[in-house]
Amino acid sequence: MSPILPLNRRTAALALTAALLVPALAACGSGDDKKDGAAATPSASASAEPKAAQLTVLAASSLTDVFKTAGAAYEKAHPGTKIAFSFAGSQELAAQVKQGAPADALVTADTKTMDGLKAEVNDPAVIAKNRLVIATGKGNPFKVAGLKDLADTKIKVVLAAPEVPVGRYSKQILEAQKIEVKPVSQEPNVRAVLSKVELGEADAGLVYKTDTLKSGDKVAVVDIPDAENAVASYPAASLKGSKNAEAAAAFVAWLSTPEAQKILQDAGFQKA
32 MSPILPLNRR TAALALTAAL LVPALAACGS GDDKKDGAAA TPSASASAEP
82 KAAQLTVLAA SSLTDVFKTA GAAYEKAHPG TKIAFSFAGS QELAAQVKQG
132 APADALVTAD TKTMDGLKAE VNDPAVIAKN RLVIATGKGN PFKVAGLKDL
182 ADTKIKVVLA APEVPVGRYS KQILEAQKIE VKPVSQEPNV RAVLSKVELG
232 EADAGLVYKT DTLKSGDKVA VVDIPDAENA VASYPAASLK GSKNAEAAAA
282 FVAWLSTPEA QKILQDAGFQ KA
């Protein structure tokens with residue numbers, strides 16, 4: 032049994048005990064506060080920037096100008112990511128994909144070409160549409176007014192090859208109007224068709240409307256009525272063989288965002 036201390040000595044003992052307990056309690060509280068603070072702070076991995084990616088995107092020739100603008104905008108919004116584009120006719124791009132060319136994403140000028148690559152691509156999404164026009168020599172010297180005028184043998188007409196999307200669309204609309212055209216050459220992509228007209232090596236050619244926007248006065252443009260025209264759809268997809276699967280999927284998804292859509296529509300493409 033503990034001895035009973037006098038009141039003044041008891042008070043002093045209690046004060047001493049309290050003084051000794053305060054630092055210990057403070058230390059315990061400090062440790063708990065640190066634990067709570069650590070739980071509330073995002074982990075380093077959660078706040079870290081995504082790894083830089085070097086993406087290679089295969090894209091239809093008619094996207095050459097607009098994708099350079101879109102690529103720059105994407106890189107600015109995603110620091111560390113760099114995009115290299117390879118432009119060619121859609122049929123050439125499809126052949127590259129089937130041969131296993133190292134690439135991360137593909138954008139074609141038609142759904143038929145993309146549909147033929149189901150084993151190589153992830154689910155595609157149409158990001159834009161386009162229409163055909165007649166491009167003629169500067170000032171339209173032969174006064175071409177519509178598709179039927181292309182049947183005139185005095186006019187040197189150049190078309191894209193039928194295996195190229197724009198060549199297939201051209202064949203489609205000419206046959207629908209029962210117009211027979213004998214082209215002086217069949218080119219591997221739409222840019223080659225336009226170049227022939229710009230250089231005066233052909234008098235007229237069927238190209239996408241967007242391709243003529245930067246030609247200035249090098250060519251004259253004759254619109255084709257909707258009832259006689261064809262709509263070109265541009266599907267985009269990431270490639271299953273990509274070594275940057277996440278970054279490739281992110282870029283493809285971005286092409287459908289308002290920012291990317293504005294860039295495409297400012298360049299003359301129609302809403303998907």
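Residue 303 is where the sequence shown ends in the numbering used here, and the numbering goes up by one at each step. Quick reminder that beta carbons are idealized off the backbone N, C-alpha and C, glycines included. Note that the structure is a prediction, hence the values are computed from the model and not measured.
Roughly how many angstroms separate the alpha carbons of residue i and residue j, rounded to a whole number?
{"i": "residue 144", "j": "residue 173", "result": "35 angstroms"}
{"i": "residue 253", "j": "residue 180", "result": "11 angstroms"}
{"i": "residue 284", "j": "residue 155", "result": "10 angstroms"}
{"i": "residue 213", "j": "residue 101", "result": "37 angstroms"}
{"i": "residue 189", "j": "residue 229", "result": "12 angstroms"}
{"i": "residue 208", "j": "residue 162", "result": "16 angstroms"}
{"i": "residue 113", "j": "residue 134", "result": "13 angstroms"}
{"i": "residue 304", "j": "residue 140", "result": "The chain is shown from 32 up to 303; residue 304 falls before or after that span and cannot be answered."}
{"i": "residue 287", "j": "residue 104", "result": "14 angstroms"}
{"i": "residue 98", "j": "residue 256", "result": "27 angstroms"}
{"i": "residue 250", "j": "residue 277", "result": "42 angstroms"}
{"i": "residue 206", "j": "residue 149", "result": "29 angstroms"}
{"i": "residue 298", "j": "residue 292", "result": "10 angstroms"}
{"i": "residue 248", "j": "residue 177", "result": "19 angstroms"}
{"i": "residue 111", "j": "residue 203", "result": "44 angstroms"}
{"i": "residue 198", "j": "residue 238", "result": "9 angstroms"}
{"i": "residue 218", "j": "residue 191", "result": "4 angstroms"}
{"i": "residue 125", "j": "residue 93", "result": "15 angstroms"}
{"i": "residue 127", "j": "residue 87", "result": "12 angstroms"}
Could you check how far apart the C-beta atoms of residue i and residue j are, in whole angstroms? I think they sit under 8 angstroms.
{"i": "residue 195", "j": "residue 120", "result": "5 angstroms"}
{"i": "residue 263", "j": "residue 200", "result": "6 angstroms"}
{"i": "residue 184", "j": "residue 234", "result": "About 11 angstroms separates the two Cβ atoms, so there is no contact after all."}
{"i": "residue 96", "j": "residue 302", "result": "Going by Cβ atoms, the distance from residue 96 to residue 302 rounds to 18 angstroms, so no, they are not a contact pair."}
{"i": "residue 242", "j": "residue 221", "result": "6 angstroms"}
{"i": "residue 152", "j": "residue 270", "result": "6 angstroms"}
{"i": "residue 136", "j": "residue 265", "result": "About 13 angstroms; that fails the 8 angstroms criterion."}
Which one or two residues does DSSP pair with residue i in a beta bridge?
{"i": "residue 160", "result": "264 and 301"}
{"i": "residue 167", "result": "235 and 251"}
{"i": "residue 218", "result": "191"}
{"i": "residue 269", "result": "136"}
{"i": "residue 224", "result": "Residue 224 pairs with nothing; no bridge assigned."}
{"i": "residue 152", "result": "270"}
List the endpoints of the continuous alpha helix (DSSP H) containing residue i.
{"i": "residue 282", "result": "276-285"}
{"i": "residue 114", "result": "Not the alpha helix (DSSP H): residue 114 falls in the beta strand (DSSP E), residues 113-119."}
{"i": "residue 104", "result": "95-108"}
{"i": "residue 206", "result": "196-207"}
{"i": "residue 288", "result": "Here residue 288 belongs to no alpha helix (DSSP H), and DSSP marks it neither H nor E."}
{"i": "residue 87", "result": "Segment 85-91 is the beta strand (DSSP E) holding residue 87; no alpha helix (DSSP H) there."}
{"i": "residue 144", "result": "142-146"}
State the start and end residues of the unbroken beta strand (DSSP E) segment that holds residue i.
{"i": "residue 254", "result": "250-254"}
{"i": "residue 191", "result": "188-191"}
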